[in-house]
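Peer 1:
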Amino acid sequence: MPAAWVAALIGLADDHLILGHRLSEWCGHAPMLEEDLAMPNIALDLIGQARGLYTYAGDLEGAGRDEDALAFGRLERAYRNLLICELPNGDFAHTMLRQFYFASFMQLFWQETESSTDVTLEAIAAKAVKEAQYHRRHCAEWVIRLGDGTDESARRMAEAVTLLAPYTGEFFIADPEAGGAVEAGVLPDTKALQPAWQADIEQVFAAAKLVLPENVYAQKGGRSGLHTEAMGHLLAQLQFMQRSFPDMTW
Amino acid sequence: MPAAWVAALIGLADDHLILGHRLSEWCGHAPMLEEDLAMPNIALDLIGQARGLYTYAGDLEGAGRDEDALAFGRLERAYRNLLICELPNGDFAHTMLRQFYFASFMQLFWQETESSTDVTLEAIAAKAVKEAQYHRRHCAEWVIRLGDGTDESARRMAEAVTLLAPYTGEFFIADPEAGGAVEAGVLPDTKALQPAWQADIEQVFAAAKLVLPENVYAQKGGRSGLHTEAMGHLLAQLQFMQRSFPDMTW
Amino acid sequence: PEFLAAFQARIDADEKIEPNDPMPAAYRKTLIRQIGQHAHSEIVGMLPEGNWITRAPTLRRKAALLAKVQDEGGHGLYLYSAAETLGVSRKQMTEELVSGRAKYSSIFNYPTQTWADIGAIGWLVDGAAIMNQVPLCRCSYGPYARAMIRVCKEESFHQRQGYEIMLKLAEGSPAQKEMAQDALNRWWWPSLMMFGPPDGASEHSDQSTRWKIKRFTNDELRQKFVDATVPQAQRLGLSLPDPALAWNEAEGRYDYGEIDWDEFWAVVKGHGPLNKARVAARKKAWEDGAWVREAALAHAKKRAARQSVAVAAE
Amino acid sequence: PEFLAAFQARIDADEKIEPNDPMPAAYRKTLIRQIGQHAHSEIVGMLPEGNWITRAPTLRRKAALLAKVQDEGGHGLYLYSAAETLGVSRKQMTEELVSGRAKYSSIFNYPTQTWADIGAIGWLVDGAAIMNQVPLCRCSYGPYARAMIRVCKEESFHQRQGYEIMLKLAEGSPAQKEMAQDALNRWWWPSLMMFGPPDGASEHSDQSTRWKIKRFTNDELRQKFVDATVPQAQRLGLSLPDPALAWNEAEGRYDYGEIDWDEFWAVVKGHGPLNKARVAARKKAWEDGAWVREAALAHAKKRAARQSVAVAAE
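These protein sequence lines map, in sequence, to chains A, B, C and D.
So the first sequence is numbered by my numbering: it starts at 624 and just counts up by one.
So the second sequence is numbered by my numbering: it starts at 624 and just counts up by one.
So the third sequence is numbered by my numbering: it starts at 1053 and just counts up by one.
So the fourth sequence is numbered by my numbering: it starts at 1053 and just counts up by one.
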């Protein structure tokens, strides 16, 4: 895999790190003990995936940056994650819907990547696809439960849909840094995943009695390092130790 | 003033920086526009006082640390502020009560310091005492308004009293780093300020129809750098730029 | 019609209209809308800069930023007061804002990502605001004109402060210079959009001009801003993100490239990066503060009642 | 009395008591209290370490910490289940915790101030917990004993992980070594307090010992812990904050200084640095999550109703 696509891998890794970080903020504060186990579990998978991707990106880049240099050592404008990953957690409905949107997308993404022409990515995908399937199922169940639960849970789920829908369009915008990687069969064409993703959302929303949002204006910018104001505060936490104690071993 | 008392000045400066920082978090989020002006105004005074104290401490220390090196360049365990200053803002009742407690104390503190044998501190006190008077009056009015307002505001004020009372005892514990400075007439004996402070609180609580807390167990540790868990998160924000871009001019 | 002519004659004679003066309903309505939007812009404008108060790099910068954001709140207060003289309450205006119905300057829907954004906002956004507001100091409506005089004085202080932040960055380390350039790249075009749609597409303008509420067209003001700002950028050693930018010797002004009006309209319609977040933040402050405002009112009533009892007993 | 004797005979014969076995009310009550406190300790124990998940210094450490805190939640779950076999519901126990009535291990009322605290907690707090818990693997109550076997296995993994964090710090830069020493200074005495009041002052012990719920006294366990931990500290090159600490050749154990029992009782009574914050955090999670639990229940009912309709229609 050519080093030209390193930035695309970093973007993918950033998605997983940043969303895993957000999810980990729930740890010890979940609505029930089972979710105090499930959410860190998902976060762990995401961080594991991020580690594999950063390490591979660092190797390809050949500039001596390891997973931690990439995860902790960049400025905000150099993080390339999709905006949906960095949004504050909101309530549990919001967190579960975001995770469902993302997992549904990643399940399709990793399925395609399982037949990548790049053997390392193929291997990462083979493990990640199973994890994404579990995440998708777990979160879809919550979307259904909350969408078709009480009046309050349905209202909160509907609010989450309104708030999050604008951030799903970015899944399907081709990463400019992945130019050529798609044609080379290394990374999937995310645009092509949209119909299957849409069908998955529709099916779950139908079971959840949720109304599909229409005429949504897609927010974008994450892949160009254009983040929301939440990102800087997240990074102040994430990078705290590495910034306060540079160049040490932990 | 001997350099031995530098740490005591730094502790005093930390009180003002950290409380000013907390107060500044309200900026743009106050319950009414008048308070969106008043709270930053108080925060500005506190940060101004911190600057004067840090600069003087740095001069006395003679190690080349300026106000910014002291404000931004230490690890959490080296910050010496009273715990009450770092507590999260809570609601408006909580913020106003904390500020009233602190301003009432500092008004007395600066009044005494106006006759310090140290001319620099005398000058700082002459300005600060007027500011503290204004802060005390502004916040006392809010304590009264909310304590004797609606049922909800009275309930919130009473909750704030319960939460904050344990943190007021630390005002009157002698700073071990100020040993000798009190005897030398440089800094006031905070223990001696307690009766006047208590009388002020009682008078305002009476007008606010608030019940004075009894048998309060005093929390302490700030002056030894033993902080609450809120402090690390505050510092991650406060120090973000200096940690991310060390040794630069802004 | 006679009244309208008389009113126009007063305007033409450069008389100031005052709150109790008779005025056409449309004049009142136009002013309420414009002053309200202006006030909302000051209030929403506290948020992007407020985002950096807790992370300012030095104590001096932290204090200056705090003071600046506070000034913006102050401007909001004068402007709401000016609008109140026209018969609309601050509460009504605030409710319009937090419901998402009221407009405010679209620029505040962009995020502040780095410290350099604080410099860029002061320099460019306050700079553009001054271009818009200086003519308003001579606006026909007295209270608005007087508020603007005070506001403009403070804004120009803010603009110098912003420029000075940029200057320090531009003179600083490569990382700082890059931060400054990046901020300029991101804020330049939105700043040009602050003057509103091109003259052909702008509503309200003609009548507002006759009433001396507006004294220059959007494009005229935009051109003044470009002409003033380009040399400032050059002094900073930063480049403007517009390949079409060039000095036009014949016209004695800078030519500049095509503005992305699609982006402009998208943000106006609520699709900017942070429109929802801005309104949500103001809504939260307003709703979370309701109990405080109610308590203040209840306390004032109790106190008044006690005083009247005390007076009656004398 | 006959029943009590028979019960004691079963205990003496090292038979395990199982949920449906007859048991004295006091035995049940003691176990409910102890298992409940133990479960609460696991749950509250997620908070101090959870405080560093978002700030862990490397991805490897972040993942390990996340996994550790998750394990603690898992322990809470087994333990609540074990308590439920005695007829008390998780909901009841949680309500006791969030109301502030239930006890949990006092050590979790101290703050985690630096990254080294994560190492110190793993090494010392989990180490002390293991000392307490290993004997519980042979506890007379079957479900508790079995839960403990699983818990102990994971705890000893956590303890090694904590020690390894300390080792890396102790081998690291001066700043890291200082951080490690400072954490040890702050956590040492509270760790010794984890074994509870000195034997003279401890309630419940005698009966618990007869029932084989407790197999060693507080002071015996504390001594074991000191003896195991002092050499570990030496290997780290760190010093223990106790000038009285010395090897007692005659007794073959370490003598240690006087524990500050005033501090111990103050924290037990709710005056530790973070008692109120810990209970408030759990209360907030519980109350904020109420709508989720209600929705899950409502959905399950709807689904069951739909299924029975479907079945009826067949």
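Just so it is clear, CB atoms sit at the ideal spot from N, CA and C, and this is done for glycine as well.
All values derive from a computational prediction rather than experimental measurement.
Closer than 9 Å by beta-carbon distance: list the chain A residues that pair up with alanine 1108 (chain C), in chain order.
Peer 2: Result: empty, since nearest Cβ-Cβ is about 13 Å, beyond 9 Å.
Peer 1: If you follow the beta strand (DSSP E) that asparagine 704 (chain B) is in, where does it begin and where does it stop?
Peer 2: Counting along the chain, asparagine 704 (chain B) falls outside any beta strand (DSSP E), and DSSP gives it neither H nor E.
Peer 1: For leucine 1349 (chain C), decide whether its Cβ has a neighbour in chain A, counting only Cβ atoms nearer than 8 Å.
Peer 2: So no, leucine 1349 (chain C) is outside the interface.
Peer 1: Short check: CB of histidine 1092 (chain C) to CB of aspartate 771 (chain B), under 8 Å?
Peer 2: For histidine 1092 (chain C) and aspartate 771 (chain B), no; Cβs fall outside 8 Å.
Peer 1: With H, G and I counted as helix, E and B as strand and the rest as coil, what does DSSP make of aspartate 1307 (chain C)?
Peer 2: DSSP places aspartate 1307 (chain C) in strand when its eight states are reduced to three.
Peer 1: Kindly say whether phenylalanine 695 (chain B), judged by its beta-carbon, lies nearer than 8 Å to any beta-carbon of chain A.
Peer 2: No, phenylalanine 695 (chain B) does not count as interfacial toward chain A.
Peer 1: Which complete beta strand (DSSP E) runs does the segment 678-738 of chain B hold, if anything under 3 residues is left out?
Peer 2: Entirely contained in the segment 678-738 of chain B, not one beta strand (DSSP E) run reaches 3 residues.
Peer 1: What residues from chain B crowd round leucine 1326 (chain D), counting only those whose CB sits closer than 8 Å?
Peer 2: By Cβ distance, chain B contributes Thr851 and Glu852.
Peer 1: What's the gap between the Cα of glutamate 737 (chain B) and the Cα of lysine 1264 (chain C)?
Peer 2: If I take the Cα positions, the gap works out to 55 Å.
Peer 1: Name the chain B residues that come within less than 7 Å of arginine 866 (chain A), Cβ to Cβ?
Peer 2: Neighbours of arginine 866 (chain A) on chain B, chain order: Arg866 and Ser867.
Peer 1: Keeping to the same chain, check which residues put their C-beta closer than 6 Å to that of leucine 705 (chain A); ignore five residues upstream and five downstream.
Peer 2: Counting only Cβ-Cβ distances below 6 Å, and skipping sequence neighbours, we find Asp638, Glu793 and Gly845.
Peer 1: List, in order along the chain, the chain B residues whose C-beta lies closer than 8 Å to that of alanine 859 (chain A)?
Peer 2: Within chain B, the residues near alanine 859 (chain A) are Ala859, Gln860 and Phe863.
Peer 1: Examine chain D for any beta-carbon lying closer than 8 Å to the beta-carbon of leucine 710 (chain A), and answer yes or no.
Peer 2: With 8 Å as the cut-off, leucine 710 (chain A) does not count as an interface residue toward chain D.
Peer 1: For alanine 1298 (chain D), which beta-bridge partners are listed by DSSP?
Peer 2: Alanine 1298 (chain D) is bridged to D:Asp1307.
Peer 1: Alpha carbon to alpha carbon, how far is proline 1249 (chain C) from aspartate 1271 (chain C)? Give it in angstroms, no decimals.
Peer 2: Cα-Cα distance, rounded: 8 Å.
Peer 1: Can you confirm whether glutamine 842 (chain A), when its beta carbon is compared against all beta carbons of chain C, has any partner nearer than 8 Å?
Peer 2: Yes - at least one Cβ of chain C is within 8 Å of the one on glutamine 842 (chain A).
Peer 1: Going along chain F in order, which residues have a C-beta closer than 8 Å to the C-beta of lysine 1220 (chain C)?
Peer 2: Included in the structure are the protein chains A, B, C and D, with no chain F among them.
Peer 1: With a Cβ-Cβ cutoff of 8 Å, do lysine 1276 (chain C) and methionine 1183 (chain C) count as a contact?
Peer 2: In this structure, methionine 1183 (chain C) lies closer than 8 Å to lysine 1276 (chain C) by Cβ.
Peer 1: If you check the beta carbons only, do valine 827 (chain A) and phenylalanine 723 (chain A) fall under 8 Å apart?
Peer 2: Their beta carbons are under 8 Å apart, which means valine 827 (chain A) touches phenylalanine 723 (chain A) by this criterion.
Peer 1: Since glutamate 1346 (chain C) contacts threonine 791 (chain B) with CB under 8 Å, what's their CB separation in whole angstroms?
Peer 2: Not really, about 28 Å apart at Cβ, beyond 8 Å.
Peer 1: Which residue or residues does DSSP assign as beta-bridge partners of isoleucine 1069 (chain C)?
Peer 2: DSSP output for isoleucine 1069 (chain C) lists C:Tyr1193 as bridge partner(s).
Peer 1: If you reduce the DSSP assignment to three classes, tell me which class threonine 1137 (chain D) lands in.
Peer 2: Correct three-state label for threonine 1137 (chain D): coil.
Peer 1: Please list, in chain order, the chain B residues whose beta carbon lies closer than 7 Å to that of asparagine 1103 (chain D).
Peer 2: Here the neighbours are Glu852.
Peer 1: At which residues does the alpha helix (DSSP H) containing glutamate 1315 (chain D) begin and terminate?
Peer 2: 1313-1318 is the extent of the alpha helix (DSSP H) around glutamate 1315 (chain D).
Peer 1: Hey, isoleucine 1173 (chain D) and glycine 1214 (chain D): beta-carbon distance below 8 Å or not?
Peer 2: In contact: isoleucine 1173 (chain D) and glycine 1214 (chain D) (Cβ atoms closer than 8 Å).
Peer 1: Rounded to whole angstroms, how far is the Cβ of valine 784 (chain A) from the Cβ of proline 869 (chain A), which I believe are closer than 8 Å?
Peer 2: Going by Cβ atoms, the distance from valine 784 (chain A) to proline 869 (chain A) rounds to 42 Å, so no, they are not a contact pair.
Peer 1: Is the distance from the Cβ of isoleucine 707 (chain B) to the Cβ of leucine 787 (chain B) below 8 Å?
Peer 2: Closer than 8 Å, so yes.
Peer 1: Determine the chain C residues that contact tryptophan 699 (chain A) at a beta-carbon separation under 9 Å, and present them in chain order.
Peer 2: Residue identity differs from the one stated: residue 699 (chain A) is glutamate in this sequence, not tryptophan. Here the neighbours are Gln1165 and Thr1166.
Peer 1: Taking just the CA atoms, how far does alanine 661 (chain B) sit from lysine 832 (chain B)?
Peer 2: Lysine 832 (chain B) and alanine 661 (chain B): Cα-Cα distance of roughly 24 Å.
Peer 1: Could you check how far apart the C-beta atoms of alanine 746 (chain B) and tryptophan 733 (chain B) are, in whole angstroms? I think they sit under 8 Å.
Peer 2: Their Cβ separation, rounded to whole angstroms, is 11 Å, which puts alanine 746 (chain B) and tryptophan 733 (chain B) out of contact at 8 Å.
Peer 1: Rounding to the nearest angstrom, what Cα-Cα distance links cysteine 762 (chain B) and glutamine 1089 (chain C) in this structure?
Peer 2: For cysteine 762 (chain B) and glutamine 1089 (chain C), the distance between alpha carbons rounds to 32 Å.
Peer 1: Since I believe leucine 710 (chain A) is in contact with arginine 721 (chain A) (beta carbons under 8 Å), could you give me their beta-carbon distance rounded to a whole number of angstroms?
Peer 2: The pair is a contact, with the Cβ atoms about 7 Å apart (cut-off 8 Å).
Peer 1: For asparagine 1024 (chain D), which of helix, strand or coil comes out of DSSP?
Peer 2: What is shown of chain D runs 1053 to 1366, which leaves residue 1024 (chain D) out entirely.
Peer 1: Answer yes or no: does any C-beta atom of chain D fall closer than 8 Å to that of glycine 792 (chain B)?
Peer 2: False, the Cβ-Cβ gap to chain D never drops below 8 Å.
Peer 1: Is it buried or exposed for alanine 1296 (chain C), if we count other Cβ within 10 angstroms and need 16 for buried?
Peer 2: With fewer than 16 other Cβ atoms within 10 Å, it is exposed.
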